[in-house]
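With the UniProt record's numbering as the guide, the letters of the sequence shown map in order to residues 1 to 237. The beta-carbon is built from N, C-alpha and C at its ideal position, and this holds for glycine as well. These numbers were taken from a predicted model, which means no experiment stands behind them. Just below is one structure, and these are the notes that go with it.
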Amino acid sequence: MSTEHATVAEEEYLQTLFWLFEAGLPMTGANVARAMQLSAPTVHEMIGRLERDGYITRAADKTIDFTDSGRTHAEGIVRRHRLIERFLTDVLGIPWDEVHEEAERLEHAMSPVLEERMMAAIGDAKTCPHGHPITPGSRIEGVPLKDVEPGAKVTILRFENEAEDLLHELRAAGLEPGLEGTLASTGDDEVVVDAPGRSVTVTASVAETVSVIADPSPPPRIALPEQLVLSKDRYGR
């Protein structure tokens with residue numbers, strides 16, 4: 001039987017599990033450990049706690065699934081996180097590469113009343129500043145920028161990795177969700193996008209973490225967890 005309210009620690013794990021689910025990555029303890037940059041024993045202990053509290057189930061092959069309660073809690077914390085990011089950016093004017101960690105600190109103490117007022121304040125915004133849907137389940141599927149062939153038209157959808165140092169790099173490069181351009185070149189070291197008035201260059205490993213809509217489009221592919229861990233800190237959802 002699940003508890004009425006998840007603890008802060010449990011919410012962090014549920015949020016990470018939902019990120020894996022949303023990204024199409026296997027929901028396993030190993031991937032949680034990789035995503036959160038924690039030891040396997042630490043993760044194993046918390047996964048057991050989540051199971052005892054009724055938020056998840058574990059299959060014989062060690063894959064994890066949400067219970068109805070777990071899915072509800074996970075979607076709630078993800079929604080609050082992304083809503084806070086959008087509010088901080090659009091209403092308070094904080095640069096989008098600086099809001100992820102602030103949202104991490106605020107998301108656990110947010111009341112329903114404050115959530116409702118923040119929703120009213122952001123108007124018709126549908127995504128966080130990094131391109132993720134505020135309402136879980138409305139995610140537009142894209143392809144990694146690294147896979148796109150030169151000459152293709154691209155629209156930046158979202159940044160799959162929200163580690164703050166990576167967001168700083170993306171903003172400095174001039175890449176942001178909604179940007180439209182043409183893939184100028186791609187190689188083992190870097191990817192170049194020609195956008196109106198500027199040329200944007202990112203490393204190949206960073207391009208793996210950027211989801212785009214492309215025309216023509218390469219086949220869909222789920223990025224590997226190892227390609228998303230580019231920071232000493234855990235990456236975001």
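Can you give me the Cβ contacts of residue i inside the same chain, cut-off strictly under 8 Å, excluding the 5 residues immediately before and after it?
{"i": "Ile84", "result": "Val99, Glu102, Ala103, Leu106, Glu107, Met110 and Met118"}
{"i": "Ala204", "result": "Lys146, Thr186, Gly187, Asp188, Asp189, Glu190 and Val191"}
{"i": "Ser199", "result": "Ala184, Val192 and Val193"}
{"i": "Leu179", "result": "Thr155, Ile156, Val193, Ala195 and Val200"}
{"i": "Ile47", "result": "Tyr13, Gly29, Val32, Ile56, Arg58 and Ile64"}
{"i": "Ala152", "result": "Thr182, Leu183, Ala214, Asp215, Pro216 and Ser217"}
{"i": "His5", "result": "none"}
Going by DSSP, what residue range makes up the beta strand (DSSP E) through residue i?
{"i": "Ser199", "result": "Arg198 to Thr203"}
{"i": "Arg105", "result": "Premise fails: Arg105 lies in the alpha helix (DSSP H), His100 to Leu106, not in any beta strand (DSSP E)."}
Cβ of residue i within 9 Å of Cβ of residue j?
{"i": "Pro196", "j": "Pro129", "result": "no"}
{"i": "Val113", "j": "Ser217", "result": "no"}
{"i": "Glu160", "j": "Ser211", "result": "yes"}
{"i": "Ser69", "j": "Gly54", "result": "yes"}
{"i": "Arg80", "j": "Glu115", "result": "yes"}
{"i": "Trp19", "j": "Ala35", "result": "yes"}
{"i": "Arg171", "j": "Pro95", "result": "yes"}
{"i": "Asp90", "j": "Ala60", "result": "no"}
Rounded to the nearest angstrom, how far is the Cβ of residue i from that of residue j, given a contact under 8 Å?
{"i": "Ile222", "j": "Gly24", "result": "4 Å"}
{"i": "Thr16", "j": "Val32", "result": "6 Å"}
{"i": "Thr127", "j": "Pro133", "result": "6 Å"}
{"i": "Glu162", "j": "Ile77", "result": "Not really, about 14 Å apart at Cβ, beyond 8 Å."}
{"i": "Arg139", "j": "Glu51", "result": "Incorrect: roughly 26 Å between the Cβ atoms, too far for contact."}
Leaving aside the five residues before and after residue i along the sequence, list all residues of the same chain whose C-beta is less than 7 Å from its C-beta, in chain order.
{"i": "Pro150", "result": "Leu183, Ala184, Ser185 and Thr186"}
{"i": "Lys62", "result": "Thr28 and Gly29"}
{"i": "Pro220", "result": "Glu141 and Val143"}
{"i": "Phe87", "result": "Met118, Ala121 and Ile122"}
{"i": "Ala74", "result": "Leu14, Gln15, Leu17, Phe18 and Phe66"}
Grab me the residues of residue i's own chain with a C-beta within less than 6 Å of its C-beta, minus the 5 sequence neighbours each way, in chain order.
{"i": "Ala173", "result": "Val200 and Val202"}
{"i": "His168", "result": "Asp97"}
{"i": "Arg49", "result": "none"}
{"i": "Asp233", "result": "Unreliable placement is indicated for Asp233, whose pLDDT of 49 sits below 50; no coordinate value is reported for it."}
{"i": "Arg82", "result": "Cys128, His132 and Ile134"}
{"i": "Pro41", "result": "none"}
Between which two residues does the alpha helix (DSSP H) containing residue i stretch?
{"i": "Gly29", "result": "Gly29 to Met36"}
{"i": "Leu50", "result": "Ala40 to Arg52"}
{"i": "Leu20", "result": "Val8 to Ala23"}
Original post:
Mind pulling the beta strand (DSSP E) runs of 3 or more residues that sit fully within the UniProt domain "Ferrous iron transporter FeoA-like" (143–214)?
Top reply: With a minimum length of 3 residues, the unbroken runs of beta strand (DSSP E) contained wholly in the UniProt domain "Ferrous iron transporter FeoA-like" (143–214) fall at 153–159, 180–186, 190–195 and 198–203.
**OP:** Counting only runs of 4+ residues fully inside the segment 54–132, write out the alpha helix (DSSP H) ranges in chain order.
**Re:** 68–90, 100–106 and 112–121
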